[in-house]
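Residue numbers (this note's numbering): 1 to 335.
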């Protein structure tokens, strides 16, 4: 058991939720800001992937709820309080092992440790983007885990797959694997989740709108040029075959790029001890209180202000999809 991670979560979550309840009833001082922030950030993470998939679906040609369905299939974490599976932004998968970290910092640190120990097959984030094949789509591990960046790239990749298939469901199957056996099983899984998510789409529309606005209007969206992805991936694979230098790539990790470490430190066999997946039992997260707080905040925002915020987010999203290419960044051509 990763005792440090588990201990921080149990203490932070218990103190954060329990102390807020006691303070409300007995009017005693609440705990320190660190514990409260840890608890609120953890609770908010349950909505991050759903907010990102909802927002990206609204701005692209991907059918509604399809990205949501794929995210649940890829990074679903069981929400004991609501008895549903929810896409988790800090999910990491390597082979048959899967980890659900509590926050981005812990997730990034875990991946860096895996890379140093020679692991090559690593999927990250809401949509479980594989770093071996798609690592060049991001400037850093932090960006790879960012829910909007992660989902935006997945939408671009899925759209390209759709051009070579008969329908979106087939494209979703290829998102996982083009091998018939695995494709068929995954496609059936997505079809089931997608059907359920589409039925609840209208009922959840206002909640999704609110949380998407809160998540992205106040945040910065790292730029990704999706149109360059195919070319970048081809160059990435070429370096694998030729052993070319990757020192010009961004995302340095202890004097070496994370991509370089990812490629060059992998041995022929596993030479690392996998971190034991923390055997956590998540106590009831006070999501209702969080959503009520969000609703109250939204009530104080005028319709004009909300429309203006949404317009600002759409501009940021457009910059994320159509902004300067990775090649411009590498060559110093970005303002």
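C-beta: ideal position from N, C-alpha, C; glycine also.
Query raised in the report: Roughly how many angstroms separate the alpha carbons of residue 161 and residue 132, rounded to a whole number?
Result: 18 Å
Query raised in the report: Of all the options 175, 69, 98, 82, which has the alpha carbon lying nearest to the alpha carbon of residue 53?
Result: Nearest option by C-alpha distance: 69.
Query raised in the report: Under a three-way DSSP split, which group does residue 21 fall into?
Result: Since pLDDT at residue 21 reaches only 36, below the 50 mark, its modelled position is unreliable, and the value read off the structure follows with that caveat. Of the three classes helix, strand and coil, the one that applies to residue 21 here is helix, per DSSP.
Query raised in the report: The alpha helix (DSSP H) spanning residue 168 covers which residue range?
Result: Its alpha helix (DSSP H) spans residues 168-176.
Query raised in the report: Residue range of the beta strand (DSSP E) that residue 193 falls in?
Result: It is not in any beta strand (DSSP E) - residue 193 instead sits in the alpha helix (DSSP H) that spans 180-199.
Requested in this report: With DSSP collapsed to three states, give me the class of residue 120.
Outcome: coil
Query raised in the report: Looking at the structure shown, is residue 41 part of a helix, part of a strand, or coil, going by DSSP?
Result: Assigned with DSSP and collapsed to three states, residue 41 falls in helix.
Query - For residue 93, three-class secondary structure by DSSP - result: Strand, per DSSP.
Query raised in the report: Counting along the chain, where does the beta strand (DSSP E) carrying residue 87 start and finish?
Result: Residue range 84-87 is occupied by the beta strand (DSSP E) that includes residue 87.
Query raised in the report: With distances taken from CA atoms, which of 176, 177, 129, 163 is nearest residue 61?
Result: 163
Requested in this report: Rounded to whole angstroms, what's the CA-CA distance from residue 115 to residue 308? Just pull it up for me.
Outcome: 42 Å
Query - Residue ranges of each alpha helix (DSSP H) within the stretch 124-159, 4 or longer - result: 131-134, 141-145
Report task. Could you check which residue in 197, 102, 107, 103 has the C-alpha nearest to that of residue 92? Result -> 107
Requested in this report: With residue 61 as the anchor, note down where its beta strand (DSSP E) starts and where it stops.
Outcome: It is not in any beta strand (DSSP E) - residue 61 carries neither H nor E in the DSSP assignment.
Report task. Compare the beta carbon distance of residue 88 and residue 96 with 8 Å and say whether it is the shorter of the two. Result -> Not a contact, by the Cβ cut-off of 8 Å.
Report task. Let me know if residue 179 comes out buried or exposed under the rule of 16 or more other beta-carbons within 10 Å of its beta-carbon. Result -> exposed
Requested in this report: Please say whether residue 147 and residue 48 have beta carbons closer to each other than 8 Å?
Outcome: Yes; because the gap between Cβ atoms is below 8 Å, this pair is in contact.
Query - Contact check, residue 127 vs residue 111, beta carbons under 8 Å - result: No; because the gap between Cβ atoms is not below 8 Å, this pair is not in contact.
Query raised in the report: Buried or exposed: where does residue 195 fall if 16 or more other Cβ atoms within 10 Å of its Cβ makes it buried?
Result: exposed
Query - Backbone secondary structure at residue 308 - three-state DSSP - result: Looking at residue 308 - three-state DSSP - the assignment turns out to be helix.
Query - Residues bridged to residue 79 (per DSSP) - result: 84
Requested in this report: List the DSSP bridge partners of residue 100.
Outcome: 91
Query raised in the report: Thinking C-beta only, is residue 124 closer than 8 Å to residue 144?
Result: yes
Query raised in the report: Which residues in the same chain have their Cβ closer than 8 Å to the Cβ of residue 191, if we skip the five residues on either side of it in sequence?
Result: Excluding sequence neighbours, residue 191 sits near 169.
Query raised in the report: To the nearest angstrom, how far is it from the Cα of residue 104 to the Cα of residue 136?
Result: 19 Å
Requested in this report: Round the Cβ separation of residue 42 and residue 102 to the nearest angstrom and send it over; I've been treating them as touching at under 8 Å.
Outcome: Contact between residue 42 and residue 102 is confirmed by a C-beta separation of about 6 Å, below the 8 Å threshold.
Query raised in the report: Excluding five sequence neighbours on each side, which residues of the same chain lie with their C-beta closer than 7 Å to the C-beta of residue 155?
Result: 56, 60, 62, 67
**Report entry** Inter-residue CB distance, residue 73 and residue 189 (contact presumed, cutoff 8 Å)
**Finding:** 6 Å
Query - Buried versus exposed, by CB contacts within 10 Å (16 or more), residue 77 - result: buried
Query raised in the report: Under three-state DSSP, which class holds residue 112?
Result: helix
Requested in this report: Output the distance between the C-alpha atoms of residue 121 and residue 138, rounded to the nearest integer angstrom.
Outcome: 16 Å
Report task. Inspect the beta-carbon positions of residue 129 and residue 100 and report whether they are closer than 8 Å. Result -> no
Query raised in the report: Roughly how many whole angstroms lie between the Cα atoms of residue 198 and residue 118?
Result: 41 Å
Query raised in the report: Taking all protein chains shown into account, do 16 or more other C-beta atoms lie within 10 angstroms of the C-beta of residue 84, making it buried, or fewer, making it exposed?
Result: exposed
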